Structures are given as C-alpha cells and as structure tokens.
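Visitor: For the sequence shown, our numbering assigns the number 17 to the initial residue and increments by one for each residue that follows. Sending over a structure as structure tokens; questions will come in a sec.
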Amino acid sequence: MVKKKLISSFAVAFFSTIFVGGIFYLTDARFKTTDDKMFSWGFVIIYFLAMFMSRLFIDKLMNFFRKTSRKDLIK
Numbered sequence: 017m018v019k020k021k022l023i024s025s026f027a028v029a030f031f032s033t034i035f036v037g038g039i040f041y042l043t044d045a046r047f048k049t050t051d052d053k054m055f056s057w058g059f060v061i062i063y064f065l066a067m068f069m070s071r072l073f074i075d076k077l078m079n080f081f082r083k084t085s086r087k088d089l090i091k
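Written as structure tokens, this is what we have:
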C-alpha cells in the first residue's frame, strides 16, 4: 500500500509539474536569457515537492480538517 501511494503521489506530482512548468516556461515573457529561465525552474521544483508531499499526506490532512470544527477554531 505504501509503495502504491508513493508511486501514485510521484506520478501526479510529476505530470502536474510538467504541465504547470511547461506553461510557466513557455508563456513567461519576463525571462529572455537562459539563466533567467533556469531560475524559473526553481519555482517548478518547489511546486513539484509541494505537490508530492501534499498528495502523500492528503489522507491525514483530510482527517485533520474533518475532525477540526470551526467552532473549535473560533474560541
């Protein structure tokens, strides 16, 4: 189960990153030189890590938000 979860999380994060990174890379007119475009890939790497970690722990996050009531937060 853990192996399937890792593979699934990696696949979703990978394809999402390619999609978002490709759009960001192709449409961002601010970056004219190769060095500037390489800097934009730093954002893509951070995005990949965030997607991977959130997909990996989505069950725990959902349980946390289901158990936490708004009444408990507004005290």
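Here a beta-carbon is modelled for each residue, glycine too, at the ideal position from N, C-alpha and C. Predicted, not measured: the structure shown is a model, and the values here were computed from it.
Assuming residue 69 and residue 28 form a contact by the criterion Cβ under 8 Å, report the distance between their Cβ atoms to the nearest whole angstrom.
Guide: Working through the sequence shown from its first residue, we reach residue 69 at position 53. Working through the sequence shown from its first residue, we reach residue 28 at position 12. No, residue 69 and residue 28 are not in contact; Cβ-Cβ is about 12 Å, not under 8 Å.
Visitor: Could you give the DSSP three-state label for residue 26: helix, strand or coil?
Guide: Translated into the one-based positions of the sequence shown, residue 26 becomes position 10. Looking at residue 26 - three-state DSSP - the assignment turns out to be helix.
Visitor: Cα separation between residue 71 and residue 25?
Guide: On the sequence shown, position 55 is the one that residue 71 refers to. On the sequence shown, position 9 is the one that residue 25 refers to. Approximately 5 Å between the Cα atoms of the pair.
Visitor: From residue 22 to residue 30, what does the alpha carbon distance come to, in whole angstroms?
Guide: Indexing the sequence shown from 1 puts residue 22 at position 6. Indexing the sequence shown from 1 puts residue 30 at position 14. Approximately 12 Å between the Cα atoms of the pair.
Visitor: In chain order, what residues of the same chain have a beta carbon less than 6 Å from the beta carbon of residue 99, not counting five sequence neighbours either side?
Guide: Within the shown structure, residues of the chain are numbered from 17 to 91, placing residue 99 beyond reach of any answer.
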